[in-house]
Amino acid sequence: EATVVSAGLNNTIYVGTKSGKLFSVFKGKTELILPGKFAINTSISGICCGSDSTIWVATLGDGIYGFGNKGWEHFSIKNGLGDDYIYTILCDSIGRVWAGSDGGLSYSSIKNSVLEFTNLDASAGLPDNIILKLARGPGNSIGIGMQEKGFCFYLPDDKSFLYPDAFQNWEHGAVTSLI
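So that you can map any letter, position 139 of the sequence shown is 380 in the working numbering, and since no number is skipped, the others follow by simple counting.
So, in structure tokens, the structure goes:
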């Protein structure tokens with residue numbers, strides 16, 4: 242059962258499944274992408290392609306996997322993610338990977354050639370720790386759909402959250418999709 246379909250680079254489509262399989266579809270040919278020693282044994286919840294062509298795979302319970310120049314790498318709470326149950330993943334135009342989970346918002350940066358994650362939650366001003374959907378917003382902002390508090394933007398340049406007035410008293414349920 243397919244859980245996510247994502248457009249990749251060079252007209253490649255990636256498909257993730259409930260059983261943790263990852264497929265690529267290119268020029269009408271479907272191939273199973275074998276993760277080598279990193280068998281994904283849980284549902285794939287999101288896929289994005291980084292500016293460096295790394296394929297990033299989010300899972301519901303096993304963190305994030307990346308396939309790039311170094312082969313497969315696995316990132317979890319042991320590597321600094323806020324939670325291993327990732328609902329949504331986003332790659333931005335400057336190479337960061339963003340993940341939304343029950344633990345808030347996590348984003349990557351490179352320090353001393355090592356990928357590290359920074360986590361933002363209610364203590365950093367996030368209106369709701371449960372993030373269900375991420376999307377690119379205006380400029381380099383990140384749109385955030387939440388479980389109970391509707392929608393907000395994260396402004397990376399200012400390291401702040403913008404919570405539109407219309408969402409201050411949100412009572413319409415979870416925001417699970419953003420355009």
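Built from N, CA and C at the ideal position, the CB exists for glycine as well. Given the structure is predicted, the values throughout are model-derived calculations rather than measurements.
So, with DSSP's three-state summary, where would you put residue i?
| i | result |
| --- | --- |
| residue 282 | coil |
| residue 248 | strand |
| residue 418 | coil |
| residue 364 | helix |
| residue 390 | coil |
| residue 357 | strand |
| residue 374 | strand |
| residue 302 | coil |
| residue 253 | coil |
| residue 380 | coil |
Ends of the beta strand (DSSP E) at residue i?
| i | result |
| --- | --- |
| residue 403 | 401 to 403 |
| residue 265 | 263 to 267 |
| residue 271 | 270 to 273 |
| residue 408 | Element bounds for residue 408: n/a, residue is neither H nor E. |
| residue 295 | Counting along the chain, residue 295 falls outside any beta strand (DSSP E), and DSSP gives it neither H nor E. |
Find out if the Cβ-Cβ distance for the pair residue i, residue j is shorter than 7 Å.
| i | j | result |
| --- | --- | --- |
| residue 298 | residue 285 | yes |
| residue 419 | residue 384 | yes |
| residue 234 | residue 329 | Given that the chain is displayed from residue 242 to residue 420, the structure contains no residue 234 and the question cannot be resolved. |
| residue 242 | residue 259 | yes |
| residue 367 | residue 415 | no |
| residue 393 | residue 332 | no |
| residue 292 | residue 336 | yes |
| residue 225 | residue 295 | Because the chain in this structure spans residues 242 to 420, residue 225 falls outside the shown range and cannot be described. |
| residue 301 | residue 326 | yes |
| residue 406 | residue 389 | no |
| residue 304 | residue 322 | yes |
- Message: Within 8 Å, do at least three Cβ pairs link the stretch 378 to 386 to the stretch 355 to 364?
- Response: no
- Task: Determine contact between the stretch 313 to 331 and the stretch 253 to 273, defined as no fewer than three beta-carbon pairs at a distance below 8 Å.
- Result: The answer is no - the stretch 253 to 273 does not touch the stretch 313 to 331, with fewer than three Cβ pairs under 8 Å.
- Item | 3-residue-minimum beta strand (DSSP E) runs that sit fully inside the stretch 304 to 354, ordered along the chain | Listed in chain order, the complete beta strand (DSSP E) runs (minimum 3 residues) inside the stretch 304 to 354 are 305 to 309, 312 to 316, 327 to 332, 338 to 342, 345 to 352.
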